[in-house]
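**Student:** Under UniProt numbering, residues 1 to 508 are what the sequence shown spells out, in order. All C-beta atoms, glycine included, are put in the ideal place defined by N, C-alpha and C.
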Amino acid sequence: MYSLDGFSKDSIELNETQHFQLFGEEVTLVKRAFLSFDAVCHVEAYPLKMVSVNRAEKRYDWNHIREFRMDQEMRSQDERINFFFCTEPRATEFSQMVTITEGQDFQMVYLMMPLLALCLIMSATFSGLNLAIMSFSINDLKLIQGSDSNLRNRQRAGDVLRLRRHSNYVLVTIIFGNCFCNTSITLLLNYFGDVYGFGEFGYVELTATILLLIFTEILPSLIFTKNALPIASGMQYFVIFAMIVTMPISYPLSKLLDRILGKENADEAAPMEVDSVQLVAMIDEKLDDGEVGMMNVVQRALDLRKKRAEDVMTPITEVEVISEDMVITKEFLTDSFDRGFSRLPVHDKDNENKICGVLNLFDAMLLMDDQGRGLTTDLTAGTLLSVLEKRRKHCFVLNSLPVQQFMVELQRGCTMAIVVQYLGDKSDVDAEERLEELEKKELEKLKAKEETYVEVEEDESEREKEKMAKALRRESYQVIGIITMEDYMEEVIGEIMDEKDKKEVKTK
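#1: The alpha helix (DSSP H) spanning F192 covers which residue range?
#2: Which of helix, strand or coil does DSSP assign to G357?
#3: Where residue 514 and Y422 are concerned, what is the direct C-alpha to C-alpha distance, given to the nearest angstrom?
#4: Are there three or more Cβ pairs, one per stretch, closer than 8 Å when the stretch 401–416 is compared with the stretch 478–495?
#5: Quick test of the definition: if touching needs 3 or more C-beta pairs under 8 Å, does the stretch 156–165 touch the stretch 236–247?
#6: Which residue spans inside the stretch 291–319 form an unbroken alpha helix (DSSP H) run of at least 4?
#7: Would you mind reading off the limits of the beta strand (DSSP E) that contains P47?
#8: Which residues does DSSP list as the beta-bridge partners of A417?
#9: In the DSSP assignment, find the unbroken alpha helix (DSSP H) run with M326 in it and report its ends.
#10: Start and end of the alpha helix (DSSP H) containing F224?
#11: Using the beta-carbon count (16 or more within 10 Å), is Q145 buried or exposed?
#12: I need the DSSP call for M489, collapsed to helix, strand or coil.
#13: Within a Cβ cutoff of 8 Å, which residues of the same chain sit near R300, ignoring the five residues on either side of it in sequence?
#14: Judging by CA-CA distance, which residue of H19, V53, D159, M134 is the nearest neighbour of P47?
#15: Can L115 and L187 be called in contact, C-beta distance under 8 Å?
#16: Considering only the alpha carbon of each residue, which of A157, A417, H347, L131 lies closest to residue 518?
#17: Checking 8 Å against the spacing of the C-beta atoms, do L366 and R343 come in under that value?
#18: Note the first and the last residue of the continuous alpha helix (DSSP H) segment covering Q405.
#19: What is the residue span of the alpha helix (DSSP H) that I144 lies within?
#20: Would you please state the rounded distance, in angstroms, between the beta carbons of V420 and V327? I believe it to be under 8 Å.
#21: Identify, in the order they occur along the chain, each residue of the same chain with its Cβ nearer than 6 Å to the Cβ of A417, setting aside the five sequence neighbours on each side.
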């Protein structure tokens, strides 16, 4: 019979540095001892090493004593765990319960510290990749790939665009990796709290919050957003590796999201859809003046859909209008050109609201050139129009006509248009006012000439006035401006200055 020192069924509290002494009549039969988790000694937890007995420390007068000690340090954290003391061969029908205070396994601590640092770095990486890859829309990437002046940026945009073909898969992979790392960080901090004794005062939660705030929110936002495209392109293979590793979880979830939310069309051959709001945002991001100018051109072209003829025309008040019976001389042409005019609308000699055509001064100068022979080539504006209108077509458009429809007229050969406004019921009132003005002018002429007319002449004058009044009442429109090809182009490109224009141009 043999047993432990202080034999009892109650557990004996020891620490891992103390020795076990066995004594009894047949203790010499014990060849091996160990600690087990179960009472039947089937599972060996820690082996015990037999050591020589110091005779001076014997507490009993037994001749046969066996002494054992822990052969290795405890592996788990600082807790009190119950073990069963077992021997081979077994000496009793039960094994003694032993409670041992475990020590700190610093080898495990040293392993956990680099693991914590790795989890922090990986968490920051996943958070940053989420910002870098998902911050670009499909249209942004296509625009960079197709029009950026930097070849390297075009290649990077193509790399990110290939990832965005599986946007939900990439997103689930990144979020899953981020959550896994954050959970691991919390567990590791709990382990360190238990080892170093600060896990019971809320320090673990506070430390985890601070570390996650710094490494998963602040640093990724500062680093990845400023270099989003290079980082997203450079880490594409890391993302692909993470997608493969997390495929059993990420892929089914991504397919579910594709079914519920739909899939982004990241095909390079798909048309790019850009609205004016996105263009404004892209213009703000551009620093190169040339790129900004091109963006402005595209934005103006989009804005044309909202504009009408009256928005792009040159008002008639800014245009010098001449009568068709006016004699055009070289001096007149030179003076008009010096004042900045290049085209002059020509109205009917009896009705200023009736535009007969638009006289191009440059064509008129070429037509009236006498080659220095001193010949008189002065012609009226109507005569010049009758010749030049064969190759200078013009048309009439309403002021409410959309500019997009006016493009059709330009394609048909109408290089300049007269913009008119429909008056409706107001035309009768305007006709009466204009008739009164004509009567006043006639009276002034009669007074100036001091002529008297017989009754027949007065009747004839009355008939002319009545005829003129009917003609005026028939007019239900008013000329308000002109549109040329140059007007249309300037709405898209901006102000055009050529050899025909001056810095201050009064009309087109």
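**Tutor:** Based on what the coordinates show:
#1: 167–196
#2: strand
#3: The requested residue 514 is not part of the displayed model; the chain covers only 1 to 508.
#4: yes
#5: yes
#6: 309–312
#7: 44–51
#8: C395, I483
#9: From DSSP, M326 is part of no alpha helix (DSSP H); its letter is neither H nor E.
#10: 219–224
#11: buried
#12: helix
#13: E491, V492, I493, G494
#14: H19
#15: no
#16: The question about residue 518 has no answer here: the residues shown for the chain are numbered 1 through 508.
#17: no
#18: 403–411
#19: 138–147
#20: Actually they are not in contact, since the Cβ atoms of V420 and V327 sit about 28 Å apart, beyond 8 Å.
#21: C395, V397, I483
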